[in-house]
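Novice:
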Amino acid sequence: MRRVLVISLMLLCAVSCSEPNPLVYQPAERPERVSVAYLKSLYRSMPVRVDRALQIEGYVAANDFNGNLHHELSVADSTGGIIVRLDAENLHTRFWQGARVAVRCNGLWLGSSGGTIELGVAPSGEYEVDPIPNDDIGLYITTDSTCQIKIPARSITIAKCAPEMVSTLVRIERVQFVEEELSKGWCDWVLDSLSGEWTQVATTRHLIDMKGDTLDVRTSPYADIVITPLPSGSGSVEGLLGYFNRRYQLRVLNGYHVQMTDPRF
13 MRRVLVISLM
23 LLCAVSCSEP
33 NPLVYQPAER
43 PERVSVAYLK
53 SLYRSMPVRV
63 DRALQIEGYV
73 AANDFNGNLH
83 HELSVADSTG
93 GIIVRLDAEN
103 LHTRFWQGAR
113 VAVRCNGLWL
123 GSSGGTIELG
133 VAPSGEYEVD
143 PIPNDDIGLY
153 ITTDSTCQIK
163 IPARSITIAK
173 CAPEMVSTLV
183 RIERVQFVEE
193 ELSKGWCDWV
203 LDSLSGEWTQ
213 VATTRHLIDM
223 KGDTLDVRTS
233 PYADIVITPL
243 PSGSGSVEGL
253 LGYFNRRYQL
263 RVLNGYHVQM
273 TDPRF
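Residue numbers (our numbering): 13 to 277.
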């Protein structure tokens, strides 16, 4: 009886080991690569969860290097740009401008901040999306350390600002700051009622061109340019184009890209 049992086990093992389809590791579903414009089109006036295996690939158009962006990146491809909210400091040391990145979107949420589409995690409060937690950033975003390009800014006039340019780099030509703001600097000073100290706050200034068209310029008090005065001449300004409450706005990312040394018009 024992001999029969041993023979039976040997036969069973032989059959099992000769199975034509052995168990093997099956990788997760490969994400479908889509454009930034397509991803943004999934937003429908309220927060929406991305429940498909989608991935965008592009380049970091803007980060927090000069302080005018906080806890966010702009990722852009040939179809447009999108703000990715991240709960981390010094993002420019991990996602440098021009770095090629891939963003896995499955499980993330799309929302809007004043009309600018953002990508993050499920909302928990007043904003339509929350920033991706620092510990989870690596699960969603990968960087190709071998690839970095110089991101060109699109040269336009104020009248040419368009939805597809939002969250991309633009250079606004032939403009100057309105005269009544020249003495005020990039950011206003206000008296803090709690500390009793004067502090700078995020402020909107205004560019104007020869046709009378105007463009908002939004500056954070943490931006490195706040220590410099507003330029009094005319010329060009480069930055990240945004959209807030039905108005386009520009955020300057580098003081060297404010070239306004020509005479005022």
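Idealized CB from N, CA, C, for every residue including glycine. Values in this document were obtained by computation on a predicted structure and should not be read as measured data.
Measuring CA to CA, which of G197, N266, V213 is closest to L203?
Specialist: Minimum Cα distance to L203 is reached at V213.
Novice: Let me make sure I understand the geometry here. Which of L181, D156, Q160, Y152 has the alpha-carbon closest to that of R166?
Specialist: When only C-alpha atoms are compared, the closest one is L181.
Novice: Buried or exposed for R64, please, with buried defined as at least 16 other CB atoms from any protein chain shown within 10 angstroms of its CB.
Specialist: Exposed is the call here.
Novice: Under 8 Å, with one C-beta from each stretch per pair, do the stretch 196 to 211 and the stretch 239 to 249 reach the 3-pair mark?
Specialist: The stretch 196 to 211, when compared against the stretch 239 to 249, does touch it at the 8 Å Cβ threshold.
Novice: Please report how far the alpha carbon of R258 lies from the alpha carbon of G127, in whole angstroms.
Specialist: One C-alpha to the other measures close to 7 Å.
Novice: Going by DSSP in three states, V190 sits in which element: helix, strand or coil?
Specialist: Correct three-state label for V190: coil.
Novice: With the cut-off set at 8 Å, would you say R183 and W121 are in Cβ contact?
Specialist: Going by C-beta atoms, R183 is not nearer than 8 Å to W121.
Novice: Straight-line CA distance for Q261 to A174?
Specialist: Whole-angstrom Cα-Cα distance: 11 Å.
Novice: Looking at chain B, is there any beta carbon in it that lies within less than 8 Å of the beta carbon of A214?
Specialist: The structure shown contains no chain B; it is built from a single protein chain.
Novice: Any heavy atom of the ligand ATP closer than 7 Å to the CB of L265?
Specialist: The model depicted lacks the ligand ATP and carries no ligand whatsoever.
Novice: Whole-angstrom Cβ separation of C117 and I68, contact assumed at under 8 Å?
Specialist: C117 to I68, Cβ: 7 Å. Contact.
Novice: Since F256 sits in a beta bridge, which residues does DSSP pair it with?
Specialist: R259, per the DSSP bridge assignment.
Novice: From the DSSP output, in three-state form, read off D228 for me.
Specialist: Here D228 sits in strand by DSSP.
Novice: Figure out for me which residue from A114, G79, A74 has the closest Cα to the Cα of V46.
Specialist: Closest option to V46, Cα to Cα, is A114.
Novice: Whole angstroms is fine: what's the gap from W210's alpha carbon to W201's?
Specialist: Those two C-alpha atoms are separated by around 6 Å.
Novice: Quick check on the burial criterion: 16 or more other C-beta atoms within 10 angstroms. Buried or exposed for A171?
Specialist: Per the 10 Å Cβ criterion, exposed.
Novice: Using three-state DSSP, classify T169 as helix, strand or coil.
Specialist: If DSSP states are grouped into helix, strand and coil, T169 belongs with coil.
Novice: Is L35 helix, strand or coil when you go by DSSP?
Specialist: The predicted model places L35 with a pLDDT of 45, which falls under 50 and marks its position as unreliable; any figure quoted below should be read in that light. Coil, per DSSP.
Novice: In three-state DSSP terms, what is P145?
Specialist: In the structure shown, P145 sits in a strand (DSSP, three-state: E or B).
Novice: If distances are taken between C-alpha atoms only, which option among I153, S207, R56 comes closest to P43?
Specialist: Nearest C-alpha to P43: I153.
Novice: Does the distance from the C-beta atom of D274 to that of G247 stay below 8 Å?
Specialist: Yes, Cβ-Cβ distance for D274 and G247 is below 8 Å.
Novice: Determine the DSSP secondary structure at T105, reduced to helix, strand or coil.
Specialist: T105 falls in the helix class under three-state DSSP.
Novice: At 4 residues or longer, what runs of the alpha helix (DSSP H) sit wholly inside the stretch 33 to 88?
Specialist: If we require 4 residues or more, the alpha helix (DSSP H) runs fully inside the stretch 33 to 88 come out as 48 to 53.
Novice: Under the rule that 16 or more other beta-carbon atoms within 10 Å means buried, what is V87, buried or exposed?
Specialist: Label assigned to V87: buried.
Novice: Assuming V187 and L219 are in contact, meaning their beta carbons sit under 8 Å apart, how far apart are those beta carbons, in whole angstroms?
Specialist: Indeed, because the Cβ distance is near 4 Å, the residues count as touching under 8 Å.
Novice: According to the Cβ coordinates, are G254 and R230 closer than 8 Å?
Specialist: Yes, they are a contact pair.
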